[in-house]
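Worksheet: the structure to be examined is printed underneath.
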């Protein structure tokens, strides 16, 4: 009966099913079988560390994918050079790494022994040319062995490529960067992450040393490589709409100075800890300020060298703050303080030398102040919010969505957000430590805790148009007590701020049944 239904009906049904569900229904009819196989082989992943069972599994996957029917189904290719390092035999390698794998049957040992990494590389060389419909590639390089085999990739075969992500270790980069002259006429998203590795050393993630002090490779070699990367990127300037670049442990001036104007570049992510992309009036950012609508960068990038660059189209700004050494934390805090000065007065502090941040106030609709760890004190964030509110008296902003990471949620912080962003509709607060409820909230959200009293007092006369509020506490998502507190706080916020009609982006204020049961217990 299922085969007698119109094909268009099955096409519509498929749109509402997840990939695992489609695969599980492959026996329904021939059409579902075709859809299920498309989903099953859509992503081909050869990645992860060498293990007892993984190599035998990857070998079988390679054998299956290479068939004429399955190879064209692959759309997303993930390759990891860790798997291609020169280990002689999987079983011998695993015995050396973990001598407690003595419970394996002799049959398992017999199956695993014949599959060394070089054999998998050879099989991969046979499979890759058959993958003619790949639209997305992720290639990760590792410094496990500088002498690992060259990846058997013929880049010119991927003429339909739309998204390319390269995670490169500089010590082995010559094996990973596609050659100049390769054509990807449909490439719209490009991600390149470069870290520095050489034999016996690895530059730390937050060690932002200059290239002249990096061991293993001369500054000239690093400069030449960065120029080569810039030339590679420039090949796609007429098609790229999204660009992500990251080189946290390397001097990237040659990279950004060598990149030109990208007429369709709408989204740019400058990675971590670099400011070369925005130094000077003739910087990469200045050359592309008329097209970039979504900008993401480390707070450390907002140095005085930004100069007089004025952004014209930015709608989404993400300021990333990364935890690290005490020195890096201090730099983050100092930048936030100077941003506050910049907002308050263009003649003081950082503001005397840049209009970069202030120039975006009239166009930004989404502001994200993300943080990994706890690198900034809440007082610094409060100073920034108060500065924005002060500046808003002269130049109102139209920020509608704010995502902010803090240590502790307090009524004062919520009030500062309301005054800084009066047009805000969506607020997503991510607290790394706790909600400052003072005394324990008593059962229902009408409890008399210090947080409830402070919130009512703060918003007794304040008017705000906030529609949705989301709260989360890092590391406590699975704790019922923590989740209960968060939902109670959101209910309190809705009582004090009548415009709130939605919790956690769900479009309404309905509470999960488990939370209701706990409140009513």
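Numbering (UniProt numbering), first residue to last: 1 to 521. We put the beta carbon where it would ideally sit given N, CA and C, even for glycine.
Residue i (DSSP reduced to helix, strand or coil)
{"i": "residue 195", "result": "strand"}
{"i": "residue 515", "result": "helix"}
{"i": "residue 41", "result": "coil"}
{"i": "residue 9", "result": "helix"}
{"i": "residue 287", "result": "helix"}
{"i": "residue 500", "result": "coil"}
{"i": "residue 412", "result": "helix"}
{"i": "residue 244", "result": "strand"}
{"i": "residue 265", "result": "coil"}
{"i": "residue 369", "result": "strand"}
{"i": "residue 293", "result": "coil"}
{"i": "residue 233", "result": "helix"}
{"i": "residue 168", "result": "strand"}
{"i": "residue 430", "result": "strand"}
{"i": "residue 223", "result": "helix"}
{"i": "residue 472", "result": "strand"}
{"i": "residue 75", "result": "coil"}
{"i": "residue 177", "result": "coil"}
{"i": "residue 34", "result": "helix"}
{"i": "residue 66", "result": "coil"}
{"i": "residue 313", "result": "coil"}
{"i": "residue 15", "result": "coil"}
{"i": "residue 21", "result": "helix"}
{"i": "residue 321", "result": "strand"}
{"i": "residue 417", "result": "helix"}
{"i": "residue 127", "result": "helix"}
{"i": "residue 161", "result": "coil"}
{"i": "residue 61", "result": "helix"}
{"i": "residue 386", "result": "helix"}
{"i": "residue 405", "result": "strand"}
{"i": "residue 424", "result": "coil"}
Buried versus exposed call for residue i [16 or more other C-beta atoms within 10 Å across all chains shown]
{"i": "residue 411", "result": "buried"}
{"i": "residue 283", "result": "buried"}
{"i": "residue 352", "result": "For residue 352, the predicted structure reports a pLDDT of 38, less than 50, and the residue's modelled location is therefore unreliable. A value from the coordinates is still provided. When all chains shown are included, residue 352 counts as exposed."}
{"i": "residue 510", "result": "exposed"}
{"i": "residue 501", "result": "exposed"}
{"i": "residue 12", "result": "exposed"}
{"i": "residue 360", "result": "buried"}
{"i": "residue 499", "result": "exposed"}
{"i": "residue 219", "result": "exposed"}
{"i": "residue 389", "result": "buried"}
{"i": "residue 126", "result": "exposed"}
{"i": "residue 33", "result": "exposed"}
{"i": "residue 454", "result": "buried"}
{"i": "residue 517", "result": "exposed"}
{"i": "residue 39", "result": "buried"}
{"i": "residue 449", "result": "buried"}
{"i": "residue 513", "result": "exposed"}
{"i": "residue 492", "result": "buried"}
{"i": "residue 431", "result": "buried"}
{"i": "residue 21", "result": "exposed"}
{"i": "residue 295", "result": "buried"}
Cβ neighbours of residue i in the same chain (closer than 6 Å, five flanking residues each side left out)
{"i": "residue 193", "result": "167, 246"}
{"i": "residue 525", "result": "Residue coverage of the chain in this structure runs from 1 to 521, which leaves residue 525 outside it and unanswerable."}
{"i": "residue 123", "result": "62"}
{"i": "residue 456", "result": "496"}
{"i": "residue 138", "result": "78, 165"}
{"i": "residue 297", "result": "270"}
{"i": "residue 465", "result": "499"}
Anticipated Cβ contact below 8 Å, residue i with residue j, distance rounded
{"i": "residue 75", "j": "residue 132", "result": "Actually they do not touch by this definition, with Cβ atoms about 11 Å apart."}
{"i": "residue 471", "j": "residue 429", "result": "5 Å"}
{"i": "residue 163", "j": "residue 189", "result": "4 Å"}
{"i": "residue 489", "j": "residue 451", "result": "7 Å"}
{"i": "residue 187", "j": "residue 154", "result": "At roughly 16 Å, the Cβ-Cβ gap does not stay under 8 Å, so residue 187 and residue 154 are not in contact."}
Close beta carbons around residue i, own chain, < 7 Å, minus the five adjacent residues each side
{"i": "residue 505", "result": "468, 470"}
{"i": "residue 487", "result": "511, 515"}
{"i": "residue 462", "result": "415, 418"}
{"i": "residue 233", "result": "190, 259"}
{"i": "residue 395", "result": "361, 362"}
Close beta carbons around residue i, own chain, < 8 Å, minus the five adjacent residues each side
{"i": "residue 385", "result": "413, 416, 417, 419, 420"}
{"i": "residue 69", "result": "37"}
{"i": "residue 382", "result": "412, 413, 416"}
{"i": "residue 236", "result": "184, 187, 190"}
{"i": "residue 458", "result": "411, 412, 414, 415, 496"}
{"i": "residue 231", "result": "180, 258"}
{"i": "residue 261", "result": "237, 287, 288"}
Contact with chain D by residue i, beta-carbon distance below 8 Å
{"i": "residue 268", "result": "Among the chains in the structure shown there is no chain D, since it carries only a single protein chain."}
Between the segment 357 to 370 and the segment 310 to 319, can you find at least three pairs of beta-carbon atoms closer than 8 Å?
Short answer: they touch.
Taking contact to mean at least 3 C-beta pairs separated by less than 8 Å, is the segment 242 to 259 in contact with the segment 222 to 232?
Contact between the segment 242 to 259 and the segment 222 to 232 is present, because at least three Cβ pairs lie under 8 Å.
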